[in-house]
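Protein sequence lines correspond, in order, to chains A and B. Numbering of the first sequence is given in the working numbering, commencing with residue 6 and proceeding in unit increments. Numbering of the second sequence is given in the working numbering, commencing with residue 5 and proceeding in unit increments. One structure is given here, and the rest of the page talks about it.
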Amino acid sequence: MIALEDRELVAAVCASRAGLRVDPDKAYLIESRLAPVARREGFGALSDFIECVRQRAEERLIWAMVEAMVPPETRFFRDPAVFEALARDVLPELARRAEGPVRVWSAACGAGQEVYSLAMLLAETPGLADRVELFASDISERSLEKAQAGVYSQFEVQRGLPAHRLVRHFEREGEFFVLSPRIRQMVRWRRINLLDDLSRLGRFDLILCRNVLSGFTGEAREQVLEGLTRTLAPGGRLVLGLGDAAEAWLDPVASEAGVFALGTAAA
Amino acid sequence: MKTCLVVDDSRVIRKVARRILEDLGFDVAEAGDGVEAMAWCHAAMPDAILLDWRMPVMDGLEFVRRLRAEPGGDRPRVIFCSVETDLARIREALEAGADEYVMKPFDGEILAGKLGFVGLIGPSVGSLAA
């Protein structure tokens with residue numbers, strides 16, 4: 006097992022770089038996430054890798070470590086009622102109001118399951134797909150690469166994905182399942198640290214940041230929520246995870262789906 | 005209590021499926037092939053059928069086609085459960101009358117999710133099985 010001081014270093018670096026909350030007592034979690042990274046980077050032992058991060062503070066190694074500690078998202082259509090509400094009510098309403106395209110951002114998209122679930126829904130809803138632009142971002146380059154490729158294992162495509170959507174939107178490649186080019190081309194990707202200045206991204210009509218906030222430290226959580234709401238277009242909607250605690254200045258629009266609007270006090 | 009008929013020629017698979025389904029609150033019956041399964045259905049149509057593809061005597065595809073032609077045979081939700089992962093074959097199973105499709109190997113979360121899609125358990129039950 007790696008030493009407590011090593012685990013504390015991991016927690017401190019994750020908190021300062023990405024606002025990630027990592028519990029130094031969770032030795033197994035830290036080791037299971039970081040051991041493959043240490044191997045990939047050519048270190049014989051995990052403790053050597055961490056020591057190198059401590060001594061040399063090399064950006065590439067630091068980010069390899071932080072990225073590996075980001076909790077992975079593994080399900081398509083997580084909380085199906087949320088997607089139903091988005092396709093049935095929220096997106097059509099935003100499309101009616103918007104003059105240009107409705108800009109949607111999946112913040113912290115992981116391996117892309119959330120934004121691709123939305124893309125599949127749009128492709129299945131006549132008239133909606135051409136009105137919506139999908140953007141997705143993550144802090145992890147590796148997650149973005151995987152997401153962009155749209156390649157999923159048999160295990161992954163069975164989580165949350167009904168069989169009729171599997172046969173409609175995926176192709177088989179060897180033992181993997183690949184999203185059709187039509188779906189993949191609907192999404193634009195970018196690496197974004199949610200702690201950075203988000204104002205250069207423009208405004209979004211719909212921002213999804215689901216089941217992510219609880220992974221941040223308290224301070225980072227506040228900063229991220231503020232940053233996201235500042236990029237929300239007037240009348241825009243913010244979608245949080247069903248388990249995420251919202252702030253008082255967010256008005257629930259469809260609380261069963263985690264959909265919020267900026268409160269009048271904040272706007 | 006909702007009923008589920010598990011149709012598979014492997015006793016091991018039937019046992020694994022039974023344990024998962026019972027945990028999800030189903031009353032489980034078992035059959036080793038399509039003919040045996042059809043006899044069960046004639047006696048009492050189950051709410052759900054977990055159906056293997058390749059079996060002796062009568063395979064899953066033939067079973068689901070015949071079931072859908074029976075009186076009341078449109079009622080059970082049929083979930084195929086097979087090692088077959090070719091998308092054209094999965095499409096064939098859906099067109100033959102299957103409601104959902106599970107690729108083996110599977111776990112409780114996957115099966116619960118599929119039962120949720122066909123409306124036999126609530127989505128919250130599905131996520132609890134994770």
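Where is the CB? At the ideal position from N, CA and C, for every residue including glycine.
Looking at the DSSP output, A/Met191 shares a beta bridge with no other residue. For A/Arg108, DSSP records a beta bridge to A/Glu138. Given a length threshold of 3 residues, each whole run of the beta strand (DSSP E) inside the region 194 to 268 of chain A is given here in chain order: 209 to 214, 237 to 245, 255 to 259 and 264 to 267.
In the DSSP secondary-structure assignment, B/Thr89 is not bridged to any residue. For B/Met5, same chain residues with a beta-carbon under 6 Å away, outside a window of 5 residues either side, are Asp31 in chain order. At a Cβ-Cβ threshold of 9 Å, B/Glu104 and B/Val82 count as neighbours. Proximity of the region 171 to 190 of chain A to the region 131 to 151 of chain A falls short of the contact definition, fewer than three beta-carbon pairs being nearer than 8 Å.
Unbroken beta strand (DSSP E) runs of no fewer than 3 residues, entirely contained in the region 145 to 191 of chain A, are found at 175 to 178 and 181 to 184, following chain order. Three or more Cβ pairs drawn from the region 73 to 81 of chain A and the region 10 to 25 of chain A lie within less than 8 Å of each other, which places the two stretches in contact.
Taking the CA atoms as reference points, A/Leu267 sits about 35 Å from A/His174.
Linking A/Ala238 to A/Arg208 through their CA atoms gives a straight-line distance of about 5 Å. Taking C-beta separations shorter than 7 Å and ignoring five residues to either side along the sequence, the partners of A/Arg170 in its chain run Met125, following chain order. With contacts defined as CB atoms closer than 9 Å, B/Trp57 and B/Glu88 qualify as a contacting pair.
Fully enclosed alpha helix (DSSP H) runs of no fewer than 4 residues occupy 32 to 45 and 51 to 61 of the region 24 to 62 of chain A, in order along the chain. Taking 8 Å as the Cβ-Cβ cut-off, the region 104 to 116 of chain B approaches chain A at Glu104, Tyr105, Val106, Met107, Phe110, Glu113 and Ile114, given in chain order. At a beta-carbon threshold of 7 Å, the residues of chain B lying near A/Ala168 are Ile94, Leu98, Glu104 and Tyr105, ordered along the chain.
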